[in-house]
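Asks: Questions regarding the structure given below will be posed in turn.
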Amino acid sequence: MKILLINPPNSGKSIPEEEYGIRNMRMIFRGEPLALEVLAGNLEGHDVRIADLKAEPDALQNICNDFRPDIAGITGMSCEANAVLRIAAQIKKESGARVVVGGYHASCDPAFFNREYIDYVVIGIGKQSFRELLDALETGEKAEHIPGIACCDVRKGLRFQTRNYTSDDLADHLPPRYDLVEKHRENYVMSGVGGKMGFVASAFGCTHHCSFCCVPNLTGGRYLHHSADAVLRDMKILAELPVIRLVDANTFGNPRMAEELGRKILEAGLQKQIVADVRSDTVVHHPELFRLWREAGLATAVIGFEEISDQRLQDYHKKNAVEMNIAAMEILKELGIRIIGDFIVSPDYRPEDFENLEAFVRQHPIDLPLPSILTPIPGTPLYAQMKDRIVIHDLDYYTFLNAVFPTRMEEKEFYETYSALLERFIRHVHPKNGSRTNPSGK
Ligand code: B12
Ligand code: SF4
-19 MKILLINPPN
-9 SGKSIPEEEY
1 GIRNMRMIFR
11 GEPLALEVLA
21 GNLEGHDVRI
31 ADLKAEPDAL
41 QNICNDFRPD
51 IAGITGMSCE
61 ANAVLRIAAQ
71 IKKESGARVV
81 VGGYHASCDP
91 AFFNREYIDY
101 VVIGIGKQSF
111 RELLDALETG
121 EKAEHIPGIA
131 CCDVRKGLRF
141 QTRNYTSDDL
151 ADHLPPRYDL
161 VEKHRENYVM
171 SGVGGKMGFV
181 ASAFGCTHHC
191 SFCCVPNLTG
201 GRYLHHSADA
211 VLRDMKILAE
221 LPVIRLVDAN
231 TFGNPRMAEE
241 LGRKILEAGL
251 QKQIVADVRS
261 DTVVHHPELF
271 RLWREAGLAT
281 AVIGFEEISD
291 QRLQDYHKKN
301 AVEMNIAAME
311 ILKELGIRII
321 GDFIVSPDYR
331 PEDFENLEAF
341 VRQHPIDLPL
351 PSILTPIPGT
361 PLYAQMKDRI
371 VIHDLDYYTF
381 LNAVFPTRME
391 EKEFYETYSA
401 LLERFIRHVH
411 PKNGSRTNPS
421 GK
């Protein structure tokens, strides 16, 4: 079959820009569509192409005309969900291809995609289930029995069986089809980290269940990891690239496996600069692991500090503490590892909360602080908790840079304060940089 996998164009709307003319919250994000490369890795025997509309926003029509796909598979985060609908409707109307949607938003709120012009929604990691779906379609079997595959039915609602994700779903022996986006490689650059960057996945899901986070939805709450050999193989395929972003939400969730991987990278002498996400408590409990990884090439650790008060960390079910965050910074700095710190600014913030956050950042060795605005993503525990307060339901605004429930401060003042803070954080890191870039690849 001819399968076209589609990465939507950069999406999202900005309230601060539309309402108050605040423009410094624009984003420049580039990175390869690893989800689609991973899916393609398990589609041997089919003719597969990737349309990366982030790299080539106007390419869809021509690719569809030339390629005439039997199946269109579209990925999308929440702020891309409306773009996914538009693409799905266009493809269905013009080509009649079967349309399958997957990715973060599909895994958080599959019912959103139950539309006439969408055939199937893939919930969670789809490398194996998508293959099973295509095999069923090819042999004319029904797909209802495949766990994790939801069949759209606008009258009766989505029908699906929950999938029990295991490491088999990672189909470890099949590498991502990096070659399918080779022509866009020049575009996949993340400033702030240093040059061209390739994405590698080493783990899926997380060991924790923070209330705001959609990552556990991908694996039914499980933490799964690739074998060290598979990760090393993928890094070697990207031999030309100086920087490797391990895109996992939690790379070191299984310290024993992480140690094996670190050792193998070191022994292979890959000489990469590695960027990876880590929880601060893992650093504090396993400092020796980070010494090993520093030698193996870990240049930058992305840490979700989230908040500067224990009470708020507890409210988010982060199961961590401010003291732990500070201790982790000390260990990483001593090892010479750069720190990118994610923080969550709640729309409930008052001026003193912004001041306290800035003071905290200035007091601690955070190389790049990245504050985003608390956004309850449908399907997360936070959404269930907050749904009555949400006033903005248009997912175009779910970029983590808009307040989708009312701000406690006057709204204009909230955005001006947030924007000024961003400006100071960015100037601090990139004195000549006017636009917001996100080297963490988030
Ligand atoms: C890499 C990355 C990016 C890259 C994306 C590259 C691309 N696609 O072009 C870049 C840098 C562009 C990016 C940007 C943003 N990102 Co981002 N990003 C990530 C990150 C770190 C990894 C994603 C990844 O590659 N995973 C590895 C792949 C292999 O796994 P996967 O995507 O889950 O795919 C599997 C399944 O989901 C499924 N699947 C996925 N798609 C499809 C499609 C089909 C058809 C099928 C069958 C299955 C399927 O199968 C795949 C293989 O098993 C995640 C955090 C994380 N660690 O999870 C955040 C994350 C996805 N990003 C997030 C956000 C918020 C953003 C931004 C809005 C940030 C911002 N403030 O602007 C922007 C949005 C850009 C836009 N559209 O305008 C959120 C999304 C939350 C949500 N529900 O929306 C995440 C989860 C981070 C977080 N803190 O919560 N991001
Ligand atoms: S925020 Fe980080 S630690 Fe919490 S569930 Fe998400 S990935 Fe895991």
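So the sequence shown is numbered by my numbering: it starts at -19 and just counts up by one.
For each residue, glycine too, the CB sits at the ideal point set by N, CA and C.
#1: Are there 16 or more other CB atoms within 10 angstroms of the CB of K298, so buried, or fewer, so exposed?
#2: How is Q365 classed by DSSP in three states: helix, strand or coil?
#3: Who are the near neighbours of N413 in its chain, counting only those whose CB is closer than 7 angstroms to its CB and skipping five residues on each side?
#4: Just grab the DSSP bridge partners of G185 for me.
#5: Which term fits H125, buried or exposed, when burial requires 16 or more other beta carbons within 10 angstroms of its beta carbon?
#6: Using the rule of at least 16 other Cβ atoms within 10 Å of the residue's Cβ for burial, across every protein chain shown, is K252 buried or exposed?
#7: Cutting at 8 angstroms between CB atoms, please list the residues of its own chain near K367, excluding the five before and the five after it.
#8: Just grab the DSSP bridge partners of E332 for me.
#9: On the premise that R3 lies in contact with Y168, defined as a C-beta separation below 8 angstroms, what is that separation, rounded to the nearest angstrom?
#10: Could you give the distance in angstroms between the alpha-carbon of H164 and the alpha-carbon of P331?
#11: So does V102 have its beta carbon nearer than 6 angstroms to some heavy atom of the ligand B12?
#12: Indicate, with yes or no, if the ligand SF4 has a heavy atom lying under 6 angstroms from the CB of N230.
#13: Label H(-13) either buried or exposed according to how many other C-beta atoms from any shown protein chain fall within 10 Å of its C-beta, with 16 as the threshold for buried.
#14: Quick one, are the C-beta atoms of L226 and S260 less than 7 angstroms apart?
#15: R202 and Y145: beta carbons closer than 7 angstroms?
#16: Our contact map puts E310 next to L401 with C-beta atoms below 8 angstroms; I'd like the distance itself, whole angstroms only.
#17: Tell me whether H265, by its Cβ, gets closer than 6 angstroms to a heavy atom of the ligand SF4.
#18: State the DSSP-derived secondary structure class of E17, mapped to helix, strand or coil.
#19: Nearest by alpha-carbon distance to A31: which of L23, I43, C132 is it?
#20: Comparing alpha-carbon positions, which option in L221, P37, F140 lies nearest V180?
#21: Look up T280 in the DSSP assignment and say whether it is helix, strand or coil.
#22: Of the residues E(-2), S75, L250, which one's Cα is nearest the Cα of D214?
#23: Assign E118 to buried or exposed, taking buried as 16 or more other Cβ atoms, counted over all protein chains shown, within 10 Å of its Cβ.
#24: Touching or not, the region 139 to 153 and the region 44 to 62, by the rule of three or more beta carbon pairs under 8 angstroms?
#25: In terms of alpha-carbon separation, which member of C194, P196, G233, N197 lies closest to H206?
#26: In angstroms, rounded to a whole number, what distance separates the CA positions of K(-18) and I98?
#27: Please return the same chain residues whose Cβ sits closer than 7 angstroms to the Cβ of A130, not counting the five positions on each side in sequence.
#28: Assuming the contact rule is C-beta atoms closer than 8 angstroms, A279 and R243 should be a hit. Round their C-beta distance to whole Å, please.
#29: So, is H373 buried or exposed, given that buried needs 16 or more other C-beta atoms within 10 angstroms?
#30: Hey, would you say F323 sits closer than 7 angstroms to P351, going by beta carbons?
#31: Assuming the contact rule is C-beta atoms closer than 8 angstroms, A229 and D257 should be a hit. Round their C-beta distance to whole Å, please.
#32: Among residues of its own chain, excluding the 5 on either side of P156, which ones have a beta-carbon nearer than 6 angstroms to its beta-carbon?
#33: Would you mind working out which of L33, N197, Q294 sits nearest G128, comparing C-alpha positions?
#34: Could you check if S326 belongs to the surroundings of the ligand B12, using beta carbon to heavy atom distance under 6 angstroms?
#35: Looking at C44 and the ligand SF4, is the gap between the Cβ and the nearest heavy atom below 6 angstroms?
#36: For G414, which three-state DSSP category applies?
Replies: The relevant details are as follows:
#1: Classification of K298: buried, given that the 10 Å Cβ count is 16 or more.
#2: Helix.
#3: In this prediction, N413 scores a pLDDT of 39, lower than 50, which makes its location untrustworthy; no coordinate-derived value is stated.
#4: Looking at the DSSP output, G185 sits in a beta bridge with Y203.
#5: Exposed: under 16 other Cβ atoms inside 10 Å.
#6: By the neighbour-count rule (16 or more Cβ atoms within 10 Å), K252 is buried.
#7: Within the same chain, and ignoring the five residues on either side of K367 in sequence, the residues whose Cβ sits closer than 8 angstroms to its Cβ are P356.
#8: In the DSSP assignment, E332 is bridged to no other residue.
#9: Wrong, their Cβ atoms sit about 25 angstroms apart, outside the cutoff.
#10: Cα atoms of H164 and P331: separation of roughly 43 angstroms, rounded to the nearest angstrom.
#11: V102: yes, Cβ under 6 angstroms from the ligand B12.
#12: True, at least one ligand heavy atom lies under 6 angstroms from that Cβ.
#13: According to the sequence shown, residue -13 is Asn rather than His. Looking at its Cβ environment, which holds 16 or more other Cβ atoms inside 10 Å, N(-13) is buried.
#14: It is not a contact, given that the beta carbons lie outside the stated cut-off.
#15: Using a Cβ distance threshold of 7 angstroms, R202 and Y145 count as a contacting pair.
#16: That pair is no contact at about 24 angstroms.
#17: Not one heavy atom of the ligand SF4 falls within 6 angstroms of the beta-carbon of H265.
#18: The three-state secondary structure of E17, taken from DSSP, is helix.
#19: Comparing Cα-Cα distances from A31 to each of L23, I43, C132, the minimum goes to I43.
#20: In terms of Cα proximity to V180, the closest of L221, P37, F140 is L221.
#21: In the displayed model, T280 falls within a strand according to three-state DSSP.
#22: Of the candidates E(-2), S75, L250, the one whose C-alpha sits nearest the C-alpha of D214 is L250.
#23: Exposed is the call here.
#24: Short answer: they don't touch.
#25: Considering only alpha carbons, the answer is G233.
#26: Note on geometry: alpha-carbon atoms of K(-18) and I98 lie some 17 angstroms from one another.
#27: Excluding five sequence positions before and after A130, the CB atoms of its chain that fall closer than 7 angstroms to its own CB belong to P90, Y100, V101, I103, L138, R139, F140, given in chain order.
#28: A279 to R243, Cβ: 18 angstroms. No contact.
#29: It counts as exposed.
#30: With contacts defined by Cβ atoms closer than 7 angstroms, F323 and P351 form a contacting pair.
#31: Right, the Cβ-Cβ distance comes to about 6 angstroms (below 8 angstroms), so this counts as a contact.
#32: Sequence-distant partners of P156 (beyond 5 residues in either direction) whose C-beta falls short of 6 angstroms from its own C-beta, in its chain, are E17, V18, G21.
#33: Of the listed residues, the one whose Cα sits closest to G128 is N197.
#34: Because no heavy atom of the ligand B12 lies under 6 angstroms away, the Cβ of S326 does not count as near it: no.
#35: Outside the cutoff, so no.
#36: Model confidence at G414 stands at a pLDDT of 37, short of 50, so the residue's coordinates are unreliable and nothing is read from them.
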